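Let me begin by presenting the structure, written as structure tokens, before commenting on it.
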Amino acid sequence: MSYGRAHLEERLKRALAEATDGLEDPRLFLLTVEAVRLSPDGRVLTVYVEAFSDEEKALLALSHAERRLLSEIARRVRLRHLPRLEFVPWRARPA
Numbered sequence: 072m073s074y075g076r077a078h079l080e081e082r083l084k085r086a087l088a089e090a091t092d093g094l095e096d097p098r099l100f101l102l103t104v105e106a107v108r109l110s111p112d113g114r115v116l117t118v119y120v121e122a123f124s125d126e127e128k129a130l131l132a133l134s135h136a137e138r139r140l141l142s143e144i145a146r147r148v149r150l151r152h153l154p155r156l157e158f159v160p161w162r163a164r165p166a
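The sequence shown runs 72 to 166 under our numbering.
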């Protein structure tokens with residue numbers, strides 16, 4: 072992975088973490104964005120999250136808030152195309 076891609080993923084992770092902190096949904100209590108991976112074509116951003124409470128409900132809440140999260144990403148990170156967000160539990164990440 073090139074420095075530019077790693078730097079972009081780190082900026083996306085930070086932007087998403089700040090955006091999820093701003094969501095006032097009790098299902099997202101103590102939710103942490105652990106990592107993000109951008110697909111090679113830049114169309115899909117896989118977001119690995121860890122939730123303190125019910126993980127399935129947290130993933131559902133995140134998928135419902137996808138448009139709001141994308142608008143926050145667009146405000147904070149300059150991208151040619153906004154990726155589709157795919158939320159995955161942290162324990163399901165590839166090794």
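Even for Gly, the Cβ is constructed at its ideal location relative to N, Cα and C.
These figures come from a predicted structure and were not determined experimentally.
If you check the CB distance, L109 and R76 come in under 8 Å. A Cβ-Cβ separation of about 15 Å leaves L116 out of contact with E89 under the 8 Å criterion.
Residue nearest to F123 within the set S142, R162, L140, R151 is R162 (criterion: CA-CA distance).
Our two residues, D112 and R98, have alpha carbons roughly 32 Å apart in a direct line. The DSSP-derived three-state label of A129 is helix. Beta-bridge annotation (DSSP): A106 is paired with Y119.
Look at E95 here: in three-state DSSP terms it is coil, with no helix or strand label. Under the three-state reduction of DSSP output, L156 falls in the strand class.
The alpha carbon of R155 has as its nearest neighbour, out of G93, E105, R114, the alpha carbon of R114.
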